[in-house]
Every structure is written in structure tokens, then in C-alpha cells.
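A.B. asks: Please find one structure pasted underneath; my questions will follow.
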Amino acid sequence: MSSLLFFYGTLKRGCSNHRLLAGQTCLGPARTQPGFRLYDLGGYPGIAACAGDRIGVAGEVWKIEPATLVALDEFEGVRHGLYRREVLPLQAPFADVYVEAYVPASLPPEPREIGEVWVE
Numbered sequence: 101m102s103s104l105l106f107f108y109g110t111l112k113r114g115c116s117n118h119r120l121l122a123g124q125t126c127l128g129p130a131r132t133q134p135g136f137r138l139y140d141l142g143g144y145p146g147i148a149a150c151a152g153d154r155i156g157v158a159g160e161v162w163k164i165e166p167a168t169l170v171a172l173d174e175f176e177g178v179r180h181g182l183y184r185r186e187v188l189p190l191q192a193p194f195a196d197v198y199v200e201a202y203v204p205a206s207l208p209p210e211p212r213e214i215g216e217v218w219v220e
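If you want it as C-alpha cells, here you go:
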């Protein structure tokens, strides 16, 4: 059974790790509900809740097949506790859809906020 994932960083189209999504289906651009921002984790972003945010984070929703999901979990370090898959609330047209994203298990002390869009 396939899964829906929201990508906001290096896995997006045109970014350095997008090749890992070969053969998967992009369902389109998306944005989280307000209350999330991106933070610089040293060459890649991490998403986290941000109480004062009124815009949300921009990204893409993809339909991911099981074998690719296993590979992505490995790439994101899920087994090692670096990232975890978590359901994020998205704005329409994905507002009522179960969509997960890779969320860092923790942020460094005083992380640098980089806003709503990751650009390499």
C-alpha cells in the first residue's frame, strides 16, 4: 500500500536528493497549515512547530510505494532516531488527507530559522 509524504527540502523536484523519488508520483505543491517553519540543520532543512507562524511551509506531496518508503526511512535516519515520520496538517487540497513528513527528532540549540521555503 502506498503512502503520501510531504517533502520540504532536498527531496523536492530540482533539489540534490530528488533522485531518490524516481518512479514515484508527485501529487502537487502543498503547504502546511500555519504554525511550522524551516530551520537550517547544516546543508539541509528541518521542519518544526513555530507558534507565531501565520504562513506555513511550502513543499510537495508525493505518493510513495513501500520499497521506496523503506529506502527513504533509511536515508532520513529513522532507525537511528535522526528523523521520524509524523503526520502534518496541510492546507487545501490536502487538508483532509493523511500525509506524513520527515520531522527531525530534535533541533540544535538556537537553530537558525530559514523561513517557509527551502532553496538549495
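Per this note's numbering, residue 101 is the first one in the sequence shown, and the count goes up by one each step. Glycine included, each C-beta is placed from N, C-alpha and C at the ideal position. Since the structure is predicted, the reported quantities are computational estimates derived from the model, not experimental observations.
#1: In the DSSP assignment, the alpha helix (DSSP H) including Glu-174 goes from what residue to what residue?
#2: Return the bridge partner residues of Ser-103 from the DSSP annotation.
#3: So the candidates are Glu-160, Pro-204, Ile-164, Tyr-144; which of them puts its Cα closest to the Cα of His-180?
#4: Could you tell me whether the segment 135-155 touches the segment 201-216, where touching means 3 or more Cβ pairs closer than 8 angstroms?
#5: Quick test of your reading: Ala-171 and Leu-120, contact by CB under 8 angstroms. State the CB separation rounded to the nearest angstrom.
#6: Within its chain, find whatever has a CB closer than 7 angstroms to the CB of Gln-133; leave out the 5 residues flanking it on each side and keep chain order.
#7: Which residues in the same chain have their Cβ closer than 7 angstroms to the Cβ of Gly-177, if we skip the five residues on either side of it in sequence?
#8: Keeping to the same chain, check which residues put their C-beta closer than 6 angstroms to that of Arg-137; ignore five residues upstream and five downstream.
#9: Short of 7 angstroms in beta carbon distance, which residues of its chain neighbour Leu-111, apart from the five on each side in sequence? Order them along the chain.
#10: For Leu-127, does the three-state DSSP call read helix, strand or coil?
C.D. replies: Let's see:
#1: 166-175 is the span of the alpha helix (DSSP H), which, as asked, contains Glu-174.
#2: According to DSSP, which records beta bridges pairwise, Ser-103 is partnered with Ile-164.
#3: Sorting Glu-160, Pro-204, Ile-164, Tyr-144 by C-alpha distance to the C-alpha of His-180 places Pro-204 at the top.
#4: Taking 8 angstroms as the limit for Cβ pairs, the verdict is that the segment 201-216 does touch the segment 135-155.
#5: At roughly 7 angstroms, the Cβ-Cβ gap stays under 8 angstroms, so Ala-171 and Leu-120 are in contact.
#6: Taken in chain order, the residues that qualify are Gly-156, Pro-189, Leu-190, Gln-191.
#7: Tyr-183, listed in sequence order.
#8: Cys-150, Asp-153, Glu-213.
#9: Excluding residues within five positions, the ones whose Cβ falls inside 7 angstroms are Asn-117, His-118, Leu-120, Leu-121.
#10: Strand at Leu-127.
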